[in-house]
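Chains as they are written, first to last, in my numbering: chain P, 10 to 102; chain V, 10 to 102; chain D, 5 to 467; chain A, 5 to 467.
Beta carbons are placed, not taken as given, at the ideal position from N, Cα and C, and that holds for glycine.
In this text the structure is predicted, and so the values were computed from the model without any measurement.
Everything on this sheet refers to the single structure shown next.
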Amino acid sequence: MEPMAIVSIFVLAVFVGFEVVSKVSSTLHTPLMSGANAIHGVILVGAIIVADHSSTNLELGLAVAAIVLATINMVGGFVVTDRMLEMFKGNKK
Amino acid sequence: MEPMAIVSIFVLAVFVGFEVVSKVSSTLHTPLMSGANAIHGVILVGAIIVADHSSTNLELGLAVAAIVLATINMVGGFVVTDRMLEMFKGNKK
Amino acid sequence: MSRTLYDLVGLAAGVAFILALKGLSHPKTARRGNLIGAFGATLATLVVFFYANPGSSLPLNNLGWILGAMVVGLAIGVPAARKVQMTQMPQLVALFNGVGGGAAALVAIVEYLHLGPKATTAEVIFTVFTVIVGCVSFSGSVITFLKLQELMTTRPVIFPAGRFIIAATLVSVLGVGVWVVSALGTTPLLVLAALSLLFGVLFVLPVGGADVPIVISLLNAFTGLTVAASGYVLDSVLLIIAGTLVGASGTILTRKMAEAMGRSLFGTLFGAFTAKPQDAAGSGEERPVRSGSPDDVAILLNYARRVVIVPGFGLAVAQAQHTVRELADMMIAKGIDVAYGIHPVAGRMPGHMNVLLAEANVPYEQLAEMDEVNPTFGQTDVAIVIGANDVVNPAAQTSPGCPIYGMPILEVNNAANIIFLKRSMRPGFAGIENELLYDPKTMLLFGDAKASLTKVVSALKAL
Amino acid sequence: MSRTLYDLVGLAAGVAFILALKGLSHPKTARRGNLIGAFGATLATLVVFFYANPGSSLPLNNLGWILGAMVVGLAIGVPAARKVQMTQMPQLVALFNGVGGGAAALVAIVEYLHLGPKATTAEVIFTVFTVIVGCVSFSGSVITFLKLQELMTTRPVIFPAGRFIIAATLVSVLGVGVWVVSALGTTPLLVLAALSLLFGVLFVLPVGGADVPIVISLLNAFTGLTVAASGYVLDSVLLIIAGTLVGASGTILTRKMAEAMGRSLFGTLFGAFTAKPQDAAGSGEERPVRSGSPDDVAILLNYARRVVIVPGFGLAVAQAQHTVRELADMMIAKGIDVAYGIHPVAGRMPGHMNVLLAEANVPYEQLAEMDEVNPTFGQTDVAIVIGANDVVNPAAQTSPGCPIYGMPILEVNNAANIIFLKRSMRPGFAGIENELLYDPKTMLLFGDAKASLTKVVSALKAL
Ligand SMILES: NC(=O)c1ccc[n+]([C@@H]2O[C@H](COP(=O)([O-])OP(=O)(O)OC[C@H]3O[C@@H](n4cnc5c(N)ncnc54)[C@H](OP(=O)(O)O)[C@@H]3O)[C@@H](O)[C@H]2O)c1
Ligand SMILES: NC(=O)c1ccc[n+]([C@@H]2O[C@H](COP(=O)([O-])OP(=O)(O)OC[C@H]3O[C@@H](n4cnc5c(N)ncnc54)[C@H](OP(=O)(O)O)[C@@H]3O)[C@@H](O)[C@H]2O)c1
Chain P
10 MEPMAIVSIF VLAVFVGFEV VSKVSSTLHT PLMSGANAIH GVILVGAIIV
60 ADHSSTNLEL GLAVAAIVLA TINMVGGFVV TDRMLEMFKG NKK
Chain V
10 MEPMAIVSIF VLAVFVGFEV VSKVSSTLHT PLMSGANAIH GVILVGAIIV
60 ADHSSTNLEL GLAVAAIVLA TINMVGGFVV TDRMLEMFKG NKK
Chain D
5 MSRTLYDLVG LAAGVAFILA LKGLSHPKTA RRGNLIGAFG ATLATLVVFF
55 YANPGSSLPL NNLGWILGAM VVGLAIGVPA ARKVQMTQMP QLVALFNGVG
105 GGAAALVAIV EYLHLGPKAT TAEVIFTVFT VIVGCVSFSG SVITFLKLQE
155 LMTTRPVIFP AGRFIIAATL VSVLGVGVWV VSALGTTPLL VLAALSLLFG
205 VLFVLPVGGA DVPIVISLLN AFTGLTVAAS GYVLDSVLLI IAGTLVGASG
255 TILTRKMAEA MGRSLFGTLF GAFTAKPQDA AGSGEERPVR SGSPDDVAIL
305 LNYARRVVIV PGFGLAVAQA QHTVRELADM MIAKGIDVAY GIHPVAGRMP
355 GHMNVLLAEA NVPYEQLAEM DEVNPTFGQT DVAIVIGAND VVNPAAQTSP
405 GCPIYGMPIL EVNNAANIIF LKRSMRPGFA GIENELLYDP KTMLLFGDAK
455 ASLTKVVSAL KAL
Chain A
5 MSRTLYDLVG LAAGVAFILA LKGLSHPKTA RRGNLIGAFG ATLATLVVFF
55 YANPGSSLPL NNLGWILGAM VVGLAIGVPA ARKVQMTQMP QLVALFNGVG
105 GGAAALVAIV EYLHLGPKAT TAEVIFTVFT VIVGCVSFSG SVITFLKLQE
155 LMTTRPVIFP AGRFIIAATL VSVLGVGVWV VSALGTTPLL VLAALSLLFG
205 VLFVLPVGGA DVPIVISLLN AFTGLTVAAS GYVLDSVLLI IAGTLVGASG
255 TILTRKMAEA MGRSLFGTLF GAFTAKPQDA AGSGEERPVR SGSPDDVAIL
305 LNYARRVVIV PGFGLAVAQA QHTVRELADM MIAKGIDVAY GIHPVAGRMP
355 GHMNVLLAEA NVPYEQLAEM DEVNPTFGQT DVAIVIGAND VVNPAAQTSP
405 GCPIYGMPIL EVNNAANIIF LKRSMRPGFA GIENELLYDP KTMLLFGDAK
455 ASLTKVVSAL KAL
């Protein structure tokens, strides 16, 4: 993709990121942090891609480690966030 | 630019557009509409570009008309918005 | 100038537009936001003069024509924006929007002529979109201008078989659009433009006057999208971002305005198809009303503990904002609790009353929004309605058939006394009668709002 | 699967992440937001299995390894997330963040090895960025984990000439970074990784325990940026969008957290360089305190008109949230006005108290935020502080040198009576003494919070 396109996407995503969380109340700081944390676990996709084209054992070993770590980040992150938020449930009905 | 980049930029810009105005109070509806209106006057840039590469009189004539209209839109829009907002000034200090 | 630098400046202008919209959404930063937007637009305009498009060289071809056209645009736009009266602001915004749509359509047409058969299918599709929407925006805005300027009736124009004609026009617009995409050529494109202009007219005619600002806002969002589409054809990130921003924020704004007026967006745009023309002067019969003198009004006000002032379009017409402030200050000095009840659509544009009263330096705290003031009418001794009508009309809550049905109103009918300052028994913008004028607790003070208020002020001083 | 479809699914996942963050920002939609995010992540993960990258074919190479590694990750991540106690949540979030950063660094390293000399300069620069920041995030998160888990001291670790060592490490990290960009090669990259890991440790060590959540949040934002950078190298719009979103929202969130704790972000990160180690037990002298029995406490509560409950970390440790609710319900039944005063950083993670009390089904209306409850302490008869300490410590307002100076506190010192439920005279997280414990209007009830509360409840029943 052209550099200009990437810069534009980056700048716009920065604004979206700023705006969507700009009104969060302090009650939700932790779940939001934890949810955002889970989102960057999507690096799993990158880890799978590099595992696919690993050609040496070193590469494959590192890629497999990356997959393990990224999976922990992603899945664990969403599960733990859900657990936290579940506790708010009682009052929100 | 690649179609994918354009689609991404479009989608992100839609979110930015939604988010930035989502909290506007009804007091500011008109100035906001008028300001947004002025912003699309930036089609002036497009009008200048097509005037530059107009090769027939028909093209040039239409392009010149587009420049006149776009300038009215852009400059008039910002000026009128500023006039409206100037009136709020007294209370905002 | 290199392409990269040119694009980066464009992106910077796009960021300026984002910051502009953000600023415009908050009272404290609104003016600065607008200036940031103007700065971004200036930057973007200047920079095109320093970048040679592929196949072109600097200085730009036709530079004289370009600069001349800009000067003409400035000579028209600036004075118009400077001189317009506050009451005519909405018309002007409508016109500015329309010319923007027109410009986008023209740009698309020129680029189409220029590209000729070299145009890709995607480019042709975007061109067709821009021409259709730009033309609709242009002619639709002109009609809204005529309605608001009262150069034509403000009421829905319903003609026999109207909805079939509109539907047929839309179908032909789309048909010709497909024709352009498949066959190419100048003629189909001009036919498309003509049909789109016609559709714009037909689309806006049946919209009731009260819904006109919603339509302006919607057309504004549409024009934004045409600019984004032009950005695709002209390969300009700036136009894509700017147009999309306006399209998206305009859509949200349109929805918010419709909400503030208690209308569904869908109903606004298509409801008029089925509406029956209303009878302007109601039943026309002569019914008794209670009219009073400025002294009567002054006495009523003098002994009140709480007074709510409800300003409307007539206040703007009479330019009575300074006089009303004088009256309010006098009452406050007498220890009376005074508030202004501001309806979101009082006047002829959203926020109109805020603008007018701010101009008169009315302190912000005295302005109460509808939701805030409505519960207090029960404890209000006098509601004084100055040049307003529709925004206090109980018909909006009680008669399902009427054009403003469903709009939230200022419930002055709950106040102990109601005073109306207006010139006649004529109805307001929506053209429907207001039963409240005949209410036993209502007193009417006929005359121009400013003149009447001046008399009330003198009478109150004399007490 | 075509590239276009693959990219569109990626974009859809990006949109899901936007909606997730948006949802997570509002109490009503938070849980749904998280699920939308999980959905987006699942979608994005599934789709890579169906798209062959350039120079590759389906099914993916090393598919067994890939799936096996994912199973291992699931087997570790899910139980950890399921079983962790609420009090240990922050540690877990820190660890999850760290492994994410580590994964990003590993991905960058593998891609670098794979590309070899074919890598463009831009790709190498992004790789260097990812390796540095990913490694810092990884080792920094591990240290925060150790601090929070109290496997090491929670106080700032200051070592002689610390700031010079840190600065020197940073300079070498950057130097090696430049080396990698100019010379390429595996060795420099691994040196870079090692130095970055070291820098991460040194960077977090001097941060005071109270500021640890701010650091976690910052590292979280950093990890986001590394993911965006990987997106550039791997040509994935999804990773660019997702990473940037987390980077941007994480930055805002970090600032907001720092504000809630009354700290400047800069001071948090660099202030510790100059801080002097605090003396844990204050002056160490034995001063008289007033301690009471559960009966004394019950009597005080019974005759109060307004009671504010201030929960803190100790409540979480003792799992006393249900007992405290029982106590509150009893008081409410007696007609006492009861509110919970929630400090934004009470406990060990922002919003910790809300989570705990919500778990105990405390009605939302009874929870008062700091700004809301502070002005009411003047009319409060009893403030009952349960397992909290730092968040009510007036030193935050009065002694400029102390680690929590500047943090807004719950001003229980304005209440007529203060009751502290804690186990000892030991200080709280920040390790500083609380003068309030020696205040004449303070009564201490020593013991585990849950046990003490149970006794108070019985005593109150007996009255
Ligand atoms: N705010 C917006 O965005 C917007 C935009 C377009 C349309 N609208 C519509 O406009 C209406 C606004 O309601 P409104 O109550 O403000 O206005 P209105 O219903 O139009 O009533 C205005 C009243 O002012 C009186 N008036 C006119 N000139 C006057 C003068 N010089 N001195 C004293 N009275 C004068 C008129 O009666 P006389 O002729 O008897 O004096 C009229 O009854 C609504 O229907 C709304 O939907 C609003
Ligand atoms: N919320 C966040 O994001 C976050 C994250 C990290 C750090 N922090 C920091 O943590 C602190 C939070 O303040 P805080 O007032 O909630 O906690 P605190 O200052 O750490 O005080 C907790 C108190 O609870 C008592 N305690 C511990 N276990 C107990 C039990 N089982 N029963 C009864 N009492 C018990 C302890 O005293 P005894 O040992 O005498 O019982 C201690 O004094 C602040 O310094 C804040 O900056 C906050």
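- V175/D counts as exposed, since fewer than 16 other C-beta atoms from the protein chains shown sit within 10 angstroms of its C-beta.
- Taking 8 Å as the cut-off, the beta carbon of G235/A is found closer than this to the beta carbon of L243/A.
- Taken in chain order, the members of the stretch 15-34 of chain V whose beta-carbon sits within less than 8 Å of a beta-carbon on chain D are I15, I18, F19, A22, V23, F24, V25, G26, F27, V29, V30, S31, K32, V33, S34.
- In terms of Cα proximity to L371/D, the closest of H356/D, G166/D, D385/D is H356/D.
- The C-beta of V19/D comes closer than 8 Å to at least one C-beta of chain P.
- Contacts between M10/V and chain D, judged by CB atoms closer than 8 Å, involve D239, V241 in chain order.
- For the C-beta of M83/V, not a single chain A residue is nearer than 8 Å; the gap to the nearest is close to 30 Å.
- Beta-bridge analysis with DSSP links L449/D to L425/D.
- Under the DSSP assignment, G355/D falls outside any alpha helix (DSSP H); it carries neither an H nor an E label.
- Proximity of chain D to N46/V at the Cβ level (cut-off 8 Å) is accounted for by V97, F100, N101, G104, N224, T227, V250, in chain order.
- Contact of Y236/D with chain V is assigned, a C-beta pair being separated by under 8 Å.
- Straight across, the Cα-Cα distance linking A74/V with V16/P is about 34 Å.
- Excluding five sequence positions before and after L23/A, the CB atoms of its chain that fall closer than 6 Å to its own CB belong to I40, given in chain order.
- A343/D is bridged by DSSP to V312/D.
- Contact annotation: E11/P and M10/V have beta-carbon atoms nearer than 8 Å.
- Closest by C-alpha distance to N417/D, out of M429/D, I408/D, N393/D, is N393/D.
- Nearest Cα to V389/D within the set L360/D, L441/D, L202/D, P348/D: L441/D.
- Under the three-state reduction of DSSP output, L64/D falls in the coil class, being neither helix nor strand.
- Between the alpha carbons of L361/A and K454/A lies a gap of roughly 14 Å.
- Against R329/A, chain P offers no close residue; the least beta-carbon distance is about 11 Å (beta-carbon pairs closer than 8 Å).
- DSSP places L414/D outside any alpha helix (DSSP H), giving it a letter other than H or E.
- A check of alpha carbon separations from T458/A across Q323/A, G144/A, I218/A identifies Q323/A as the nearest.
- Burial is judged here by how many other beta carbons sit within 10 angstroms of a residue's own beta carbon; A198/A has fewer than 16 and is exposed.
- For I22/D, the neighbours in chain P by C-beta distance under 8 Å run, in chain order, F24.
- Per DSSP, reduced to three states, the secondary structure at S17/P is helical.
- Pairing I313/A with L425/A, the inter-Cα distance amounts to about 11 Å.
- Counting only runs of at least 4 residues, the stretch 45-102 of chain V fully encloses the following alpha helix (DSSP H) elements, listed from N- to C-terminal order: 52-61, 66-80, 86-101.
- Nearest CB-CB separation between M13/P and chain A: not below the 8 Å threshold.
- With a threshold of 7 Å, the Cβ atom of H356/D counts as near ligand 1, since some heavy atom of the ligand is closer than that.
- In the structure shown, S141/D adopts helical secondary structure according to DSSP, grouped into three states.
- In this model, A246/D and A22/P are separated by some 15 Å (Cα to Cα).
- Assignment of L371/D by DSSP, reduced to helix, strand and coil, places it in the strand class.
- A straight-line Cα-Cα distance of about 9 Å links I422/D and D443/D.
- The beta carbon of V88/P sits closer than 7 Å to none of the beta carbons in its chain outside the five residues before and after it.
- Here M334/D has V461, L464, K465 as same chain residues with Cβ atoms under 8 Å from its own Cβ, once five neighbours each way along the sequence are excluded.
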